[in-house]
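Residues in the sequence shown are numbered consecutively from 16, following the working numbering.
Positions of the beta carbon are idealized from the N, C-alpha and C atoms, including for glycine.
Please read these numbers as outputs of a predicted model, since none were measured by experiment.
What follows is a single structure, written as structure tokens, with notes after it.
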Amino acid sequence: MPGLVETQGVPPSSGLGYSVSHQKVELDIDLASRSLKGKTEITIHPHHKDLKLVHLNFRQGQLKRITVGGKTATSKYVDPYETLQLYGVQYHRKLSSKLDALSKTPPEPELVITIPKAVRIEELDPFSIEAQTQLSLRATSGGASGTGGVDDTVDGSRATEASLPRFTAITIAIEFMIEKPRDGIQFVGVENRDLRYPHAFTANSSDTGESCCLFPCVDDMSSRCTWDVSIRCPRTLGDIFSKPSDNVHVNGTSSRTTSSKKVGLSAEDAALDMVVACSGDMTDEIIDPKDQARKTVSFSCNSPLSAHQIGFAVGPFEYVNLSQFRESDEDDQLGANAVPVHAFCLPGRADEVKNTCLPMAKAVDFISLTYGSYPFASFKLCFVDDLRRDTLPAAGFSICSDRILFPENIIDMMYESTRCLVHSLAYQWVGINIIPNEPTDTWVVTGIAYYITDTFMKKIGGNNEYRYRQKLLADKVCDLDVLRPSLWDMGAILKIDPSEMEFISLKAPLVLYILERRLSKASGKATVSRIISRIFLNARMGDLPNCELTSAYFQKLCERMGHTKLDAFFNQWVYGAGCPRFTASQRFNKKKLVVEMMISQVQTEHMSARDLERSTFMRDVKEEIRNIYAGTVQHVFTGSMTIQIHEADGTPYEHIVEIKEAVTKFDIPYNTKYKRLKRNRRQKERAAAMSGIDPNSEAQDDVLLYCLGDVLQSDEDMEKWKLVEWTKEDESRMGQESYEWIRMDADFEWICKMSLGMPGYMYLSQLQQDRDVVAQLESIQHMAAQREHALISTIFVRTILDRRYFHGIRTAATKALVKHAKQEVDWIGLFHLENAFQELYCLPNSTMVRSNDFSDRASYAVQLALIEAISEVRDDDGKTPVRVKQFLYDKLKFNDNSNNEFSDCFYISTLLKSICNALLGKRERSANDMDFDINREIERQAEEQLDKDCIAEIDRYRRIDEWAGSFRNIFSRTSLECQKRLMKAKLLQVDLVQFVQYTRAGVLEELRLKAFETLLEFRLFEHPELITWFIYNMSTDASPYIRRNLYRLFSEALATIAFGTESEPSGSFAGNSLVIEQESSTEARQGQLARRQTIPGALDALKQELGSNKALKEALWAACNSPRASLAELCDFVYAVGALYHPVEQAMARLKLPRYWKTQHLGNGKMKFWKTNTFRTRPMGSTTTSITSKTTTAAPSSTQPVKRKREQDTNGATPPLSHKVTLKIPKLGTVCSASSQPSPSSTTTVKPKIKLKLKAKSSSFSPAP
């Protein structure tokens, strides 16, 4: 665990040797050519006097001019994107190493600037004007987000003085240009045949650490400074495509009509003003005096920000003032401190923005009053097309996708869209203003942002909605948190797989929620909310260094304000992985009057091998390649657990038990006189009648709690609805129980799976009498796991019909009722589902559906759940009953939305999916399946005609969508999904051309993706043209949203091939009376098991299946060399290539052997040269050496062979001189040494030595005469 930083108010020292205090950026954006040019001025303060080099980050651009302190400077820069080339799919490892270097956090600097010698670095005089300016600037930036009190001023001045620079500032000016950028900015509506409004926006993401590639900067989250941003752009929409020749001024006006007509713009659209929305406060907007068709808009950011956090958008946006939706009492309460909320959208979408963003002003006020003041001057939202995610938060500014917008008559998207927008707002406090110190600290920043979001959703949605969704998320975390790294470790691998952020966003706020529950129990206050407020306050006061939050700091603060040690909690839930699974048993001891309980942790017993999943296959592949392993499963989770026992008098008694071991045994004292409650009014009346007591008298000594679910109690209702009650044996056993029910973890302090051995009637009491929606949901989940029975069906239908239940409980009971629609219980579940729909949504005593009325959202949710549940009913042979198909077909055919103020497009979509689901339940008919019963044959023909009518109705809505349209083409998307499933079930003939027409550019994004998804389900890899078309769009489409989701679909298709789910033969064939078992070898079964459960086995199978697919290989090769793919997308492509092909580390170079030449003298100074058929098989050096050896052996004395200069060079000698060299080999005899000293062996025969004479004109080696 990292230690707590003790330094306060001083920003962390940079390893660059300097810190950036201010940066000015000027950008000139040309939308027509998808390019920009600009200039930036970076003011740095050296950390030492001998700073020589300045390292900056800059990619995908060209440098024009660089000056340092007004002096021209030299630089070293190579665009790393130019080297990202794949020379063959088998050489993917080389490209992968280059991508790894670019994906570091922070990235390596690409631009190195040498400070000129004329620029001197002097020590800064603290009393100089520059020092005072820096002091005032830092005080302003530090107190910009404060409350303005005296304490803020004093502490802010101390922090500012401590962080004053030591040396004078240096200004670096850089002029640059970027053409067709891959990363950092997205252009929309500028391609050919793209009829959308042209606009551009930044595409940086601070949460996943993506690089800022639009201008030279220090691309590090911890490097923060103040900013001035100026953006030059066309003045109107028509000026985007105008040429300089079009801007000829006549009488002071500009003629641009001709250019506007060229691109198909109407005069009204061409006159739309271009609007610039950017981080910071707008300072001015000036029309260019030299070119009236362009203007410059300037913004200033006084709060220190990193380069990732600067965002802007340019387009013909409409302005919407969201502050006008503030309620009057909130306006009076906040007064001048109310934060302005602005929104920008493309023309024609202002009404949708007003409807979608209605709660945003309320959200700003709620968070400001609850947690701390807003860190910026205003909050801006800009809705654009082609955004790869739903929101991209920047400083004081959030770029949002138009996919989350919805009109007033749509209610299905309300919760998800609102939560998404509120999270982008909460991210301004923690995520933009407060950042993680290290990537491993991402969980705490993400968790706080979503915790704040959920508290606001609780305010507008209610406590039941909040707790119900928290319970569903907790169950989802328990299912997903298997063989995964811990929350703390996941932050470090976000660069490898950004999809891990989804799990962090899921688990981190839940960890804070259970932390809140545990701390609140001790202090009785909302502790986590106060902790978050203290973090925000410390950031404003300068007590949080550089506003960087660490896990250790957060833990220390929680311990100090919660007055307890939290080492065990953080080790289990933050630094540890997995979730606990409990099994509990209980028994009442009448002698001791105690409840004996035993709780066991069994999470390590559920570690059996699991099949891999399609959606996470590529994530598992990346982790396998990068050697990322899951966290160790914890055998014991510790902490306190609240156990609630509802005793016979109806009073809940809470008992807190400390869980410290894998098996915990304890006794809980019993407090109430032994007497069992009556379950409901009917039981009380029956008991009173048997004893001769007036049931309405108050003289009875027992207490009956009239609870939920007590509908349909009369004898007439019991007979009409075929309801059943408990048997006498059950009632006798119930009467002997000493308590109503026991509930584990009543305070929701654990993210766990709980299994409590308790009779079913106790779960019924919990469902009917416990007011907590989580307890009710737990009861539904337990009873849903039981085998089918008419009594359970009775309980569920009463739950559905009781409107006092929360709608989530009613929908859960509806889904659970499907299990009881079986022939063994006389289709009682289907009867109850049909009658419940008829009772709630049909005319009285009729099956004709009433006109739609979606004003009651709870009733609408139950209506959708009933339709889906009825479509899931099957008989023992897996066949859908005809009455189910007819029921669904009638509801679609007679649907009436004429009197409904809300749209029924999502309801019709649900009906279409349900009809398709019902059609899939059809038993295959064989050739020998003959039935001579005329009545059955008539029924079969009627059913076939009904199936045809249902299929025709599905296609009819697809055609309706082509002519009339639906909300985001939901009819077409649903119809394609239904037709795909019917084709796979062989109920329709496969027609891929029908889906291909929806994949072309210009079709709505969601509809294109649905068409591509459908194509992948029909063995797309066997069609070379289609797989080439798919991968071409995956790598070159103009929309990053399309490219990202196509890669996701491609990954799932690879997983299907790797797991063998398509080509795997069936293990048995079942007929009417004969079952044929196919036996396979042990090796084959092990191979199938390995490819489904292990990544190495799946990868081997994938290489074997697709490694020889030539069309796929060429398409992926082209995709890796696509000029449109971003850095993150290129990394994904390389991972896919690595999963398909074995890497090749070396290449064999084939060279032709040289031939010998021959010459012939032809006379008159003519020579003839030609190649012979004899090949030279040895190097030239070897030949020379051998010839020289033969010459020297003729002498009486052995002489070392003379080496050529090339060989000497290869042995490390000095390079040859430029003079000509002559070798002299003297005769045998006494030879003087080259040195002045005589040789010690001069009396003996001396070996000849070589003399070198340098000549000015000699051109070759020649022996001395």
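Consult DSSP for residue i and reduce its assignment to one of helix, strand or coil.
i     : result
D1191 : The residue asked about is misnamed: residue 1191 is Arg in this sequence, not Asp. Coil, per DSSP.
L1168 : coil
I475  : helix
E952  : helix
Y904  : helix
L527  : helix
Q1282 : Outside the shown range of the chain, which is 16 to 1280, sits residue 1282, and nothing can be said about it.
M192  : strand
G32   : coil
V877  : helix
G775  : helix
P1282 : Because residue 1282 is not part of the residues shown, which for the chain are 16 to 1280, the question remains open.
H804  : coil
Y92   : strand
H797  : helix
D962  : helix
A328  : strand
R247  : strand
D730  : helix
W736  : coil
C316  : strand
R974  : helix
G164  : Only weak support exists for where G164 lies, its pLDDT of 37 falling under 50; the value from the coordinates is given anyway. Looking at G164 - three-state DSSP - the assignment turns out to be coil, as it is neither helix nor strand.
I643  : coil
Y334  : strand
M1163 : coil
H323  : helix
Express the C-alpha separation of residue j and residue i in angstroms, rounding to a whole number.
i     : j     : result
Q324  : A409  : 5 Å
L934  : A663  : 50 Å
S929  : R1107 : 30 Å
I550  : G387  : 9 Å
G30   : L991  : 55 Å
S439  : K894  : 47 Å
Y1171 : P1039 : 49 Å
G1075 : M612  : 47 Å
I640  : Q587  : 27 Å
V672  : Y644  : 34 Å
State the start and end residues of the unbroken alpha helix (DSSP H) segment that holds residue i.
i    : result
M759 : Element bounds for M759: n/a, residue is neither H nor E.
E638 : F632 to I640
L71  : Run containing L71: none in the alpha helix (DSSP H); it sits in the beta strand (DSSP E), L68 to L71.
G844 : I843 to Y856
On a Cα-Cα basis, can you pick out the residue from the options that is closest to residue i?
i     : options                    : result
Y1047 : L1127, G53, N860 and L210  : L1127
S34   : V356, N561, F597 and P1194 : N561
K1167 : F1190, D1147 and P1158     : F1190
S281  : T742, V291 and G253        : G253
I need the boundaries of the beta strand (DSSP E) containing residue i, first residue and last residue.
i    : result
Q105 : Looking at the DSSP string, Q105 is not in any beta strand (DSSP E), and its letter there is neither H nor E.
G654 : G654 to E662
I302 : D296 to I302
S924 : Looking at the DSSP string, S924 is not in any beta strand (DSSP E); the run it does join, the alpha helix (DSSP H), is C920 to L935.
Q201 : I200 to V203
V672 : P667 to I674
Quick one: is residue i near chain D, going by C-beta distance under 8 Å?
i     : result
E1040 : Protein chain content of the structure displayed is limited to a single chain, and chain D is not contained in it.
* To do: Any chance you could list the alpha helix (DSSP H) runs of at least 4 consecutive residues sitting entirely within the segment 496 to 570, in chain order?
  => Here the runs fully enclosed are 502 to 505, 515 to 538 and 542 to 556.
* To do: Go through the segment 358 to 410 residue by residue and report every complete run of the beta strand (DSSP E) that reaches 3 residues or more, in order.
  => Here the runs fully enclosed are 394 to 399 and 406 to 409.
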